[in-house]
Amino acid sequence: MCPHPAPSQCGEVQPPKTTKTCANVPALPFEVFLNVIDLLISEAEHLAEPIELCFYLSANAHPESRLDVQISDMYTNPRWTIKERRRRYQRLRLALQLCRTTRAIVHRKFRRVPIWDPFKKDTNHVLVYPRTDRFTPVLCRIPDDCARLEQALLRPTAADGVLVQCLVSIQGMPREFIYDEYAADVDTLLALPRLREITLNSEVVITSSNRYEFPDHPHPSADIVPINTYFFPTLGRWLQAHGKALEVFCRRAQERGIGVFVGSGGSAERKKLLLVATDDGVQAILLNPICTCDL
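In structure tokens:
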């Protein structure tokens with residue numbers, strides 16, 4: 000039992016002595032916590048490595064979601080992607096678990112997207128960082144499927160809308176994308192609201208040379224030059240057989256502020272040139288390590 004306070008000589012009960020507890024310490028302003036959360040998110044943004052995902056029309060006629068997403072193994076080992084997912088979550092775990100407000104702040108930068116695990120036959124989630132993460136589309140050729148894909152991407156449900164806002168960089172376009180059967184899907188992709196770059200798949204002959212920096216000729220050069228069909232044989236065949244269609248595609252992309260790149264195997268990480276529609280047809284700005292010195 001707790002001892003009762005001892006009476007004083009005057010017969011009055013003296014109040015017990017109090018100790019300084021957490022209740023006596025003034026609470027920190029919530030703005031301080033928000034500043035800490037901002038620092039955590041900024042660090043997670045700085046350390047974010049690209050995650051590669053693919054998206055496609057769902058085979059399930061679910062009213063809430065018409066698109067499926069899963070980890071892509073086209074350019075990156077899936078095990079590495081799983082590790083990066085874990086690292087992202089660990090960096091943001093405090094902010095995600097603190098309260099609803101801090102969790103919402105995280106999701107403004109790192110979007111929570113459901114992904115399908117084909118091995119576990121189950122759905123989980125990944126924190127997508129649109130500035131770095133890349134998506135490979137699985138395009139359709141059947142007209143009915145093309146129409147469904149257009150509706151899913153351009154008139155998305157609430158669940159699919161989160162994914163659509165993440166589609167900033169698209170890579171791994173099929174080499175046949177310029178054919179008529181892909182025209183509807185290409186129109187849909189070019190209409191995506193946040194898309195900023197597309198990387199096409201082309202054979203690339205890699206070169207290496209000893210270069211020295213000169214003030215009047217940086218490497219790589221920013222000059223717009225004709226496409227070298229030796230370095231880019233796939234582009235050479237496109238230009239020969241579908242030159243006008245490729246020019247129209249590049250011009251439409253430029254009008255929407257979308258960069259059209261060419262990468263080894265279609266990888267956005269291995270970009271080799273930027274296509275530019277000019278009055279003389281499709282030309283290019285070479286990207287490292289290919290320079291005008293090599294032409």
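Numbering that gives the first Met the number 0 numbers the first residue of the sequence shown as 0 and each following residue consecutively. Ideal Cβ placement from N, Cα and C applies to all residues, glycine included. Fair warning: this is a prediction, and the values are worked out from it, not measured in the lab.
- Item | Rounded C-alpha distance that separates Lys108 from Leu166 | Whole-angstrom Cα-Cα distance: 13 Å.
- Message: Closer than 7 Å to a non-hydrogen atom of the ligand ATP - does that hold for the CB of Leu39?
- Response: The model on display carries no ligand, and the ligand ATP is accordingly not part of it.
- Which one of Gln96, Glu83, Glu202 and Pro49 has the shortest CA to CA distance from Thr233? The shortest C-alpha separation from Thr233 is found at Glu202.
- Hey, Leu191 and Ala252 are a contact pair by Cβ (cut 8 Å); roughly how many whole angstroms apart? That belief does not hold up - the Cβ atoms of Leu191 and Ala252 are roughly 11 Å apart, past 8 Å.
- Item | Whole-angstrom distance between Arg174 and Arg236, CA atom to CA atom | Put simply, the backbone Cα of Arg236 is about 11 Å away from that of Arg174.
- Query: Could you check where the alpha helix (DSSP H) with Ser57 kicks off and where it finishes?
  - Reply: No alpha helix (DSSP H) holds Ser57; DSSP gives it neither H nor E.
- Query: If you pair each beta-carbon of the segment 111-118 with each one of the segment 153-167, do three or more pairs fall below 8 Å?
  - Reply: Yes, the segment 111-118 touches the segment 153-167.
- Query: Pick from Arg133, Ala183 and Thr187: whose alpha carbon is nearest that of Pro155?
  - Reply: The residue from Arg133, Ala183 and Thr187 with its alpha-carbon nearest to that of Pro155 is Thr187.
- Contact check, Val127 vs Ile40, beta carbons under 8 Å: Not closer than 8 Å, so no.
- Task: Entirely within the segment 81-120 and at least 4 residues each: give me those alpha helix (DSSP H) ranges in chain order.
- Result: Whole alpha helix (DSSP H) segments, 4+ residues: 99-108.
- Proximity to Asp143 [Cα-Cα], best of Glu83, Lys119 and Glu180: Asp143 has its Cα closest to that of Glu180, out of Glu83, Lys119 and Glu180.
- Item | N-terminal and C-terminal residue of the beta strand (DSSP E) that Ser201 is part of | Per DSSP, Ser201 belongs to the beta strand (DSSP E) from Glu196 to Ser201.
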